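For the protein sequence lines, the chains are A and B, in the order given.
Quick note: the first sequence uses my numbering, first residue 1, plus one each step.
Quick note: the second sequence uses my numbering, first residue 1001, plus one each step.
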Amino acid sequence: MNAQLSVLLPELLLAGMGMLILLVGVVGRPSERVAFFLTNLGLLSAMGGVVVVGERGSETFFAGMLQLDRFALFFRLLFLLSALLVVWLSRPFLLRAQQAPWEYYALILFATLGMSFLASGVHLAGLYVSLELMALSSYILAGYFRGEVKSHEAATKYFVLGALSSGILIYGLSLIYGVTGSLSLAEVSGKLAAGPRSVVATAGVFLLLSGLLFKVAAVPFHVWTPDVYEGAPTPMTAFFSVGPKAAAFAMLVRVLWVGLAPAAPDWRLLLSWVAAATMVWGNVAALTQENVKRMLAYSSIAHAGYALLGVVSGGALGTQAVLFYMLVYAVTNLGAFGLVVLLASKEYAGEKVNDFRGLARRQPLAAAAMLLFLLSLGGIPPTAGFMGKLYLFAAAVHAGYAWLAVVGVIMSAVSLYYYFRIVKEMYLASAEEGEAVAVLSEAWGVRALAVCALATLLFGVYPTSALAFLAPAAMIVPW
Amino acid sequence: MEFFSNLLNIICYLPLVGALFIIFFIKKENTKAIKLWATLFAGADFLISLALWFRYDPNGEPFQLVYKKPWIPAIGAQYFFGVDGISVLLILLTTLLGFIAVYSSFTAITHREKEYYVWLLVLQTGMLGVFMALDFVLFYVFWEVMLVPMYFLIGIWGGPRKLYAAIKFFLYTLVGSVLMLIGILALYFYNSSGFALVGLPGLGNAPTFDVTELMKVAPSMPLSLQKWIFLAFFVGFAIKVPMFPFHTWLPDAHVEAPTAGSVILAGVLLKMGTYGFLRFSLPLLPEASRWAVPWMVALAIIGIIYGALVAMAQQDMKKLVAYSSVSHLGFVMLGMFALNPQGLSGSLLQMINHGLSTGGLFLLVGIIYERRHTRGLSEFGGLAKVMPVYATLFMIITMASIGLPTLNGFVGELTILLGAFNRNTWWAVAAATGIVLGAAYMLWMYQRVFFGEVVHEENKNLPDANLREQWTLIPLVVLCFWIGLYPKPFFKIMEPSIRRVVQVVDPQYLQAPAASLPAPPAEKPGHGVAE
């Protein structure tokens, strides 16, 4: 039992630290520095825990609920890293907005805890519980600024639609359970492969898929995204676009390719159309957005579409592409949102595209960083985004989905049009047209941005070590 | 020896180093120092690149000065630089024009100088990388890297419609290049071990983006697949060339870009498309290239005549030169798809020629635009009296562009016509029409600007080209005469590489009895000039 518990070291650290922060917040209310310090400590020690626990040679634990493998290792590190960067970005934001940090940081830790379990879950019930832990924390975080109407609205929408999607998902689970008599992915896979194709199982697969597609914000389950992203506190928007999304992709890959692989003929075609529709819809809708947060929300829908391309392609290459893209997308998108966080505008949710006007003249470094992130989102080398897309498109061509790759490629070109609207404001707007809202140089925010910018360049120029790390992680997919 | 194994790296990254140096060590108010250092870096790069001319051995290995290191082993992408006779010439053209572009911008650019020279230098690195990369991923990285600096050069320092032109240029070329990426991936997967793309068996070797490796195996792909990859490449390259009907971004981009931007656009960026055809499409997809000949030639000839006719109708000097590029690049494409040594070497030489003469024309138009802030043909007249030196330089470059004997354009066009004639008389006839039209609009422009009386009061006291302006043009003039009078060294450098391409794309041509062929231009190209 002890050996089993030690496997959970990172999760225990996260949970413990989260509760400690809540407790300290209630009991003592010391300075917000303490909360920030404890959160950092929690996340960093959890990272250390992940490294110590390592991969443990792909064992399953807790009666087949959890599996520790390179896949889980990678995602756990990714979630912790994203959470850490988001916490760094949140501090200046919370200070400016004069919001209490205690519950906020604790909830981030709990959401990360949920994701962490998701990464290693191989049992559908366990996966569902982890998903809800992550989602419930997110709902509260979306509405954390109680005074703001938009924040309210975001939380309500997120919660109602999220609960609905959970219902759909769990209905799917129950159908699958009914057919296979098991919720363990390995057993489900075995039963599906052995038995004849049944309508009930197919229905279950589709319902499960719908629930998961809601979580990754794929078309046609994307409608909540722009409103939630716009209304939530900006650091939380950054978090939602990266953490929970990557977690949902982790679950999607594992459930589809480990548990439901025998039913692939059922869902693969459908998923390929969803991927195409997501890429097209996300990019086209982003074209006309004036609010940067909404634009980035639609862009994140589009990016989910690109990543789905890797899920559809499957195989070791497709899986590796998805994982690498999640990493690349996390650093890039956190960077882009980070700049929006640090944009010193008056209202917290009113970031307009022309707030960036002339930024290159006033703060060339901030503008250069934003340029880097936007180029990476658009997939222009030598940035990480290009390498990520190269992998995804390669996987699609390899798996015989060249048409999907063509759609993705054309949509990347379209996406540059709206990314470059920000570039245009930053670099091309003339001095007479007014000045940018300043980007605040708050120490932790700047540190987070620096990490993102360096990672974006590094993974673009020299992706080798990241890819080498990911290759074994992709091996969870059998072929 | 160490120096030479890194020669290509040095040439490629020196401008980037210069850009970083300017970013970090020079204040933006200190415009003099910025100009000085930018010129020094670009100039040094040109001088170092001259080593290629002497180091490259035309009869040696196909690709020389190779620098090869593993880059992304997971997918077999390498950091692989190397040059052959085709790229050597284009690299030299790039470093020369890059230097001239920097040097010519001193008075034309009066705001945000630091950014300007930084982007110009970054662009230089991107372009040089394209001509050196022999790995598809590396090539694609450099190919895309160029877009961003050019976008800024047009968008910040351009004319009145700069925003529109910049984004149009960006998106147009981007769409082309990303489709090319799909072609690259198809090529990659098809030629990797045991893998079957669209149900076809692989050729049983390790997956690679290595162009030299692919040249060995890709030509034996089935035609059906070659056609698809050819089309994917075609979109990418044809937009860059630009071939009719993909040319519509070019007049906008050229007219709005600052002078140096236009020089680089016309001089180097347009060559990327033709280089792409020559380096990748022909040798990798020979069957598809032969299949495409009628289409390509038709588009080339339409481009020649259409470009010339539209140029004739222009009132704006820069637009006229821009459309003349469409026409000239049509020639280049025609020569290339003649698929014989004459056509191909003429095509390559004409790429260089076009870089020199059109680059020169844009510089000249820039000079007069700086003085008068207009480029309308009707705004001028009689300038020959006011600005004699300028008029002389303009005359020489115009003649080079028209293709007057003793100047470079003549040698290029003649060689292309020989190649085209060799395939089909009618191609040569149609192309010759373009030459006549070209002479017409260029001379007409020259007449309207320089001859007659000075009708506009503002033009009476225009200062002649100053020393710096003259020096930006003199290297071009010298090269125009050199290639026009003694093109042999140029043909000598390209000849073996060109023959290798022909060997793949149309082997029968080289095996045909020598008597039935006209003398290859590489032997005595000077004769045509003298007669």
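Think of the CB as a built atom: it goes at the ideal place given N, C-alpha and C, for glycine as much as any other residue.
Computed from a prediction, not measured in an experiment: that's the story for all the values here.
So which residues on chain B does residue i lean against when the C-beta distance must stay under 9 Å?
{"i": "Val397 of chain A", "result": "Ile1182, Leu1185, Ala1186, Tyr1188, Phe1189 and Leu1197"}
{"i": "Ser412 of chain A", "result": "Leu1174 and Val1178"}
{"i": "Thr464 of chain A", "result": "Pro1070, Trp1071, Ile1072, Pro1073 and Ala1074"}
{"i": "Leu375 of chain A", "result": "Val1148"}
{"i": "Ala450 of chain A", "result": "Here the premise fails: no neighbours, minimum Cβ distance about 16 Å."}
Please look up how many angstroms separate the CB atoms of residue i and residue j, rounded, as I've assumed it's under 8 Å.
{"i": "Leu173 of chain A", "j": "Leu183 of chain A", "result": "7 Å"}
{"i": "Gln320 of chain A", "j": "Ala474 of chain A", "result": "4 Å"}
{"i": "Gly310 of chain A", "j": "Leu392 of chain A", "result": "5 Å"}
{"i": "Ala384 of chain A", "j": "Gly243 of chain A", "result": "Rounded, the Cβ-Cβ distance is 18 Å, inconsistent with contact."}
Can you tell me which of the three DSSP states residue i falls into?
{"i": "Pro364 of chain A", "result": "helix"}
{"i": "His1247 of chain B", "result": "coil"}
{"i": "Pro1463 of chain B", "result": "coil"}
{"i": "Val1175 of chain B", "result": "helix"}
{"i": "Ala455 of chain A", "result": "helix"}
{"i": "Gln1078 of chain B", "result": "strand"}
{"i": "Gly1199 of chain B", "result": "A caution first: Gly1199 of chain B carries a pLDDT of 34, below 50, which makes its placement in the model unreliable, though a value can still be read off. The answer is coil: DSSP assigns Gly1199 of chain B none of H, G, I, E or B."}
{"i": "Glu1469 of chain B", "result": "helix"}
{"i": "Ile1167 of chain B", "result": "helix"}
{"i": "Ile1498 of chain B", "result": "helix"}
{"i": "His1373 of chain B", "result": "coil"}
{"i": "His1456 of chain B", "result": "coil"}
{"i": "Asp1252 of chain B", "result": "helix"}
{"i": "Gly121 of chain A", "result": "strand"}
{"i": "Pro1070 of chain B", "result": "strand"}
{"i": "Leu184 of chain A", "result": "The displayed chain sequence assigns Ser, not Leu, to residue 184 of chain A. DSSP places Ser184 of chain A in strand when its eight states are reduced to three."}
{"i": "Pro1521 of chain B", "result": "Residue confidence for Pro1521 of chain B is low, a pLDDT of 47 falling below 50, so the modelled location carries little weight; the figure read from the coordinates is stated next. Coil at Pro1521 of chain B, not helix or strand."}
Bridge partners of residue i, per DSSP?
{"i": "Leu343 of chain A", "result": "A:Val439"}
{"i": "His560 of chain A", "result": "Shown here, chain A extends from 1 to 479; a query on residue 560 of chain A therefore has no answer."}
{"i": "Asn291 of chain A", "result": "A:Lys352"}
{"i": "Val1083 of chain B", "result": "B:Gln1064"}
{"i": "His222 of chain A", "result": "Answer is none; His222 of chain A lacks a bridge partner."}
{"i": "Glu59 of chain A", "result": "A:Leu68"}
{"i": "His1111 of chain B", "result": "None; His1111 of chain B has no bridge partner."}
{"i": "Ala1133 of chain B", "result": "B:Phe1081"}
{"i": "Asp1057 of chain B", "result": "Asp1057 of chain B pairs with nothing; no bridge assigned."}
{"i": "Asp1537 of chain B", "result": "In the structure as shown, chain B starts at 1001 and stops at 1531, and residue 1537 of chain B therefore has no counterpart that could be examined."}
{"i": "Asp1210 of chain B", "result": "B:Asp1135"}
{"i": "Asp1316 of chain B", "result": "B:Gly1376"}
Using a Cβ cut-off of 8 Å, pull out every chain B residue sitting near residue i, in sequence order please.
{"i": "Thr332 of chain A", "result": "Near Thr332 of chain A there are no residues of chain B at all, since even the closest Cβ is about 16 Å away, more than 8 Å."}
{"i": "Val406 of chain A", "result": "Leu1179 and Ile1182"}
Beta-carbon within less than 8 Å of residue i's beta-carbon, same chain only, minus the 5 sequence neighbours each way: which residues are those?
{"i": "Leu1052 of chain B", "result": "Leu1007, Ile1011, Leu1065, Val1083, Val1088, Ile1091 and Leu1092"}
{"i": "Ser1378 of chain B", "result": "Gln1315 and Arg1448"}
{"i": "Glu132 of chain A", "result": "Gly114 and Ser166"}
{"i": "Tyr1013 of chain B", "result": "Thr1125"}
{"i": "Ile1023 of chain B", "result": "Lys1114 and Val1118"}
I'd like the list of long-range same chain contacts for residue i, defined as Cβ closer than 7 Å, with 5 residues on each side in sequence excluded.
{"i": "Leu1147 of chain B", "result": "Phe1170, Thr1173 and Leu1174"}
{"i": "Val7 of chain A", "result": "Val53, Arg56, Phe61 and Leu68"}
{"i": "Pro1201 of chain B", "result": "Residue placement at Pro1201 of chain B is poorly supported in this model, since its pLDDT is 39, which falls under 50; the coordinates still yield a value, given next. Excluding positions up to five away in sequence, the list is empty."}
{"i": "Met1494 of chain B", "result": "Gly1085, Ile1086, Leu1089, Ser1345 and Leu1348"}
Name, please, each residue of chain B whose Cβ falls closer than 7 Å to the Cβ of residue i.
{"i": "Ala154 of chain A", "result": "Here the premise fails: no neighbours, minimum Cβ distance about 32 Å."}
{"i": "Ala285 of chain A", "result": "In chain order: nothing, as chain B lies at least about 18 Å away."}
{"i": "Ala468 of chain A", "result": "Ala1074"}
{"i": "Leu428 of chain A", "result": "Gly1155, Ile1156 and Leu1163"}
{"i": "Val409 of chain A", "result": "Val1178, Leu1179, Leu1181 and Ile1182"}
Applying a beta-carbon distance threshold of less than 9 Å, which residues of chain A neighbour residue i?
{"i": "Glu1144 of chain B", "result": "Gly379, Ile380, Pro381, Pro382 and Phe386"}
{"i": "Phe1152 of chain B", "result": "Val423, Tyr427 and Leu428"}
In chain A, which residues lie less than 8 Å from residue i when you measure between Cβ atoms?
{"i": "Phe1170 of chain B", "result": "Leu416 and Phe420"}
{"i": "Ile1167 of chain B", "result": "Tyr417, Phe420 and Lys424"}
{"i": "Leu1147 of chain B", "result": "Ile380"}
{"i": "Val1141 of chain B", "result": "Pro381, Pro382 and Phe386"}
Ignore the nearest five residues each way along the sequence and tell me which others in residue i's own chain have a CB closer than 6 Å to its CB.
{"i": "Phe1139 of chain B", "result": "Ala1133"}
{"i": "Lys215 of chain A", "result": "Ala248"}
{"i": "Thr234 of chain A", "result": "Val340 and Val341"}
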